[in-house]
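Beneath this line is the structure, given in structure tokens, with notes to follow.
Numbering (this note's numbering), first residue to last: 3 to 80.
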């Protein structure tokens with residue numbers, strides 16, 4: 003999947019706190035697995051809403067990269 007196509011897909015997924023971020027995490031996990039990376043997903047329910055965290059590992063022990071970001075989008079408000 004091309005970078006811009008993946009970015010558009012991520013943006014299109016509703017990840018506001020009332021909807022949860024689990025759908026975004028599932029998409030990113032599939033994308034990472036498709037790139038041959040190891041994926042660890044931790045799903046949980048918070049205030050009745052499905053949430054998740056994702057950790058992606060390279061396949062080689064010598065390679066290391068850490069990216070940390072929010073996977074949710076704040077509600078637009080009034």
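C-beta atoms are modelled at their ideal positions from N, C-alpha and C, and glycine is treated no differently.
Residue 11 sits in a helix when the DSSP states are folded into three classes. Counting only residues of its own chain and dropping the five nearest sequence neighbours on each side, residue 42 has a CB closer than 6 Å to the CB of 57. Each of 59, 22, 80 and 12 was checked against the Cα of residue 35, and the nearest Cα belongs to 59. Residue 25 sits in a helix when the DSSP states are folded into three classes. Within the DSSP bridge table, the entry for residue 53 names 46 as partners.
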